[in-house]
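With our numbering, letter number 179 in the sequence shown gets 319, and the count goes up by one each step, no holes. Here is the structure we will look at, set down as structure tokens.
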Amino acid sequence: MSIFNELTKKPWLADPSQIDGAPANQALFLPSGKVGLRVFLVVVTVVFLLTTIAYGDRMLFANWKSTPEPWVLWLNTFVLIASSVAMQWARNNTKRGNLTGVRDGLIFGGVLTISFLVGQLYGWQLMVESGYYAHTNTANAFFYLITALHGAHMIGGLIAWGRSLLKVREILRSNGSVSDVKLSVELCTTYWHYLLMIWLILFMLLLIS
141 MSIFNELTKK PWLADPSQID GAPANQALFL PSGKVGLRVF LVVVTVVFLL
191 TTIAYGDRML FANWKSTPEP WVLWLNTFVL IASSVAMQWA RNNTKRGNLT
241 GVRDGLIFGG VLTISFLVGQ LYGWQLMVES GYYAHTNTAN AFFYLITALH
291 GAHMIGGLIA WGRSLLKVRE ILRSNGSVSD VKLSVELCTT YWHYLLMIWL
341 ILFMLLLIS
């Protein structure tokens, strides 16, 4: 009978804590924050993918006129890389239990990200001063669309970043545990790395157009 019982078990109905090899009272599912971020990144990926496809298709039209990339975009790219490194530094400090390091990493990451966005606006200004308006050429319009779309997602990330930074400051004042902010910092860092990857792809697309 014991063999028959083993063969007829329905593991999908079993208590997760009783599954062989699983620690007692430990959930086998991802935190809701991680699940939500993954779903959101899938949606964002589709948006950027469709934009990239539309950009590539439009380049094949005879009236397509390439747009020169402002020099500041190169600087902005290095600034965004530095911000992603700072966020990773903050994440690494959560593993070490160093709340001061977490705070400093978040501050550097946020300041660099804001600098990136300011630099993007300056790139727009250079384009306008050179006479590259959105309504005069499809390539110009795509330049503003791509940079604005990416910038909007970075602004959204800064909202989550601000909440994480405030949480870190509260924990420092109350001598709380770094575990209370570990997930928030991890999610922010993942989002920053993702947006850096997206920007590198978009920047290369602008360069080859």
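Even glycine gets a Cβ: it sits at the ideal position worked out from N, Cα and C. Quick caveat, the model's predicted, so the values are computed rather than measured.
Residue i versus residue j: straight-line alpha-carbon distance, rounded
i	j	result
F188	L340	12 Å
L200	R309	52 Å
M294	V219	13 Å
G302	Y284	26 Å
V242	D320	12 Å
D197	R313	54 Å
S349	S206	6 Å
G291	L257	7 Å
T329	M227	5 Å
L181	F282	22 Å
Assigned secondary structure, residue i (DSSP; H/G/I helix, E/B strand, else coil)
i	result
Q278	In the sequence as presented, Gln is not what sits at residue 278; that position holds Thr. Residue state, collapsed to three classes: helix.
T234	helix
L312	helix
T217	helix
Y272	coil
K307	helix
T207	coil
F201	coil
N- and C-terminal bounds of the alpha helix (DSSP H) containing residue i
i	result
G249	L239 to E269
K174	S172 to R198
Y334	S319 to I348
Cβ pair residue i, residue j closer than 8 Å
i	j	result
A230	V325	yes
V304	L252	For the sequence presented, residue 304 should be read as Ser rather than Val. No, these two residues do not count as a Cβ contact at 8 Å.
P171	L306	no
T191	I286	yes
L177	L327	yes
Contact belief for residue i with residue j at Cβ below 8 Å, rounded distance in angstroms
i	j	result
N216	Q265	Between Q265 and N216 the Cβ distance is about 13 Å, and since that is not below 8 Å, they are no contact.
G297	Y262	Actually they do not touch by this definition, with Cβ atoms about 20 Å apart.
Any chain C beta carbon closer than 8 Å to residue i
i	result
S255	Going by chain labels, chain C is absent from the structure shown, which holds only one protein chain.
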